[in-house]
Amino acid sequence: MTEMKPVTEATAVKAPVLPDAQTVLEVKHWTDRLFSFKVTRPQSLRFRSGEFVMIGLLGDNGKPLLRAYSIASPSWDEELEFYSIKVQDGPLTSKLQHIQPGDQIILRPKPVGTLVHDALLPGKRLWFFATGTGFAPFASLLREPQTYEDYDEVIITHTCREVAELEYGRQLIENIRKDELLAELISEGFADKIRYYPTTTREQSPKMGRITDLLKDGTVFKDLGIEGGIKPETDRAMVCGSLAFNHDIKAILEELGLREGANSDPKEFVIEKAFVG
Numbered sequence: 176m177t178e179m180k181p182v183t184e185a186t187a188v189k190a191p192v193l194p195d196a197q198t199v200l201e202v203k204h205w206t207d208r209l210f211s212f213k214v215t216r217p218q219s220l221r222f223r224s225g226e227f228v229m230i231g232l233l234g235d236n237g238k239p240l241l242r243a244y245s246i247a248s249p250s251w252d253e254e255l256e257f258y259s260i261k262v263q264d265g266p267l268t269s270k271l272q273h274i275q276p277g278d279q280i281i282l283r284p285k286p287v288g289t290l291v292h293d294a295l296l297p298g299k300r301l302w303f304f305a306t307g308t309g310f311a312p313f314a315s316l317l318r319e320p321q322t323y324e325d326y327d328e329v330i331i332t333h334t335c336r337e338v339a340e341l342e343y344g345r346q347l348i349e350n351i352r353k354d355e356l357l358a359e360l361i362s363e364g365f366a367d368k369i370r371y372y373p374t375t376t377r378e379q380s381p382k383m384g385r386i387t388d389l390l391k392d393g394t395v396f397k398d399l400g401i402e403g404g405i406k407p408e409t410d411r412a413m414v415c416g417s418l419a420f421n422h423d424i425k426a427i428l429e430e431l432g433l434r435e436g437a438n439s440d441p442k443e444f445v446i447e448k449a450f451v452g
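Residue numbers for the sequence shown follow our numbering, beginning at 176 and rising by one.
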């Protein structure tokens, strides 16, 4: 029988043990507002590409400070990747942006989310609509074999204020196109299905404008050579961005005849409501 010891002042002031701890493996800062990082993956964690988990650090009060983060790595990866904004006075990101390899973070291994293939009816063309770090779940889905098994064409639109904020997504797609492991996992030529459509709203770039405006005036379809635009018979969509962006894209898709789905009720498009960055 274990001996019960009284709590003394000496034992009470010990540093709290980080719960559900995972070790930081890599950190990359993309801009003064954006960074990505990789951590170890719990052996027991199973998730569908596109889902999110709660991650965080201990707050100043010693209690876990958690936020929902989409997993940017695919379900088959041995490591977990995340893509985050930096908010200097943010309760979590003001601390999280300073993590280094070897540090630990809290990761609650209970993945959930609506940006999964199961929430969509079968279709021919899949649209990913993202702003800012809303690209993260699509970074996962773009490396998921099922994405290319289910669809003939995959279009990823990514809207940011400045060109540098597109770099994470641009490099990821560039790497996907020449990834021999993915070609082996999926099939040769799978990357030819990807259509990347980045836009900026402030800094000059090859394509300027909000994706919502470019959808409304038909510029996107003209640029991509898509006759007839988005149709409920063939097109499916996933949306991840700010609350205002989600609302605007939802209105556009519904006006085009698409219906919002869920895990329990698959339809033509889904929105990640947990993301607010």
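Yeah, the Cβ is synthetic: ideal placement off N, Cα and C, and Gly gets one too.
key: Distance between W205 and G404 (C-alpha atoms, nearest Å)   = Taking the straight line from one Cα to the other gives about 34 Å.
ask   = Which residues share a DSSP beta bridge with S211?
value = In the DSSP output, where bridge partners are listed per residue, S211 has K203 and Y258.
query = Is it the case that the Cβ atoms of V318 and L357 are separated by a distance below 8 Å?
reply = The question names Val, yet the displayed sequence has Arg at residue 318. Yes, they are a contact pair.
key: P284 versus D392 - alpha carbon distance   = Cα to Cα, P284 sits roughly 43 Å from D392.
request  = Please look up how many angstroms separate the CB atoms of K299 and T409, rounded, as I've assumed it's under 8 Å.
outcome  = Confirmed, about 4 Å.
key: Residues sharing a beta bridge with P373, DSSP   = The partner list for P373 (beta bridge, DSSP) reads H333.
key: Continuous alpha helix (DSSP H) assignments of at least 4 residues falling wholly in the stretch 288-360   = Assignment of alpha helix (DSSP H) within the stretch 288-360, counting only whole runs of 4 or more residues, yields 311-316, 320-325, 342-352 and 355-360 in chain order.
inquiry  = With distance defined between alpha-carbon atoms, name the residue in N421, E337 and S219 nearest to K382.
reply    = K382 has its Cα closest to that of E337, out of N421, E337 and S219.
query = For S439, does the count of other Cβ atoms within 10 angstroms reach 16, so buried, or fall short, so exposed?
reply = S439 counts as exposed, since fewer than 16 other beta carbons sit within 10 angstroms of its beta carbon.
inquiry  = For A437, count the other beta carbons within 10 Å of its own beta carbon; 16 or more makes it buried, fewer makes it exposed. Which is it?
reply    = It is exposed - the Cβ of A437 has fewer than 16 other Cβ atoms within 10 Å.
ask   = Exposed or buried, H292, counting other C-beta atoms within 10 Å across all chains shown (16 or more means buried)?
value = Taking all protein chains shown into account, H292 has 16 or more neighbouring C-beta atoms within 10 Å of its C-beta and is therefore buried.
query = Does DSSP classify A243 as helix, strand or coil?
reply = A243 sits in a strand when the DSSP states are folded into three classes.
Candidates D252, F227 and L267, of which the one nearest P286 by Cα = Checked all of D252, F227 and L267; the closest Cα to P286 is F227.
inquiry  = Can you tell me which residues form a DSSP beta bridge with I424?
reply    = Answer is none; I424 lacks a bridge partner.
request  = Compute the Euclidean distance between the alpha carbons of E447 and L290, then round it to the nearest angstrom.
outcome  = Each residue's alpha carbon lies about 6 Å from the other.
key: Span separating the alpha-carbon of G234 from that of L193   = Distance between the alpha carbons of G234 and L193 is about 11 Å.
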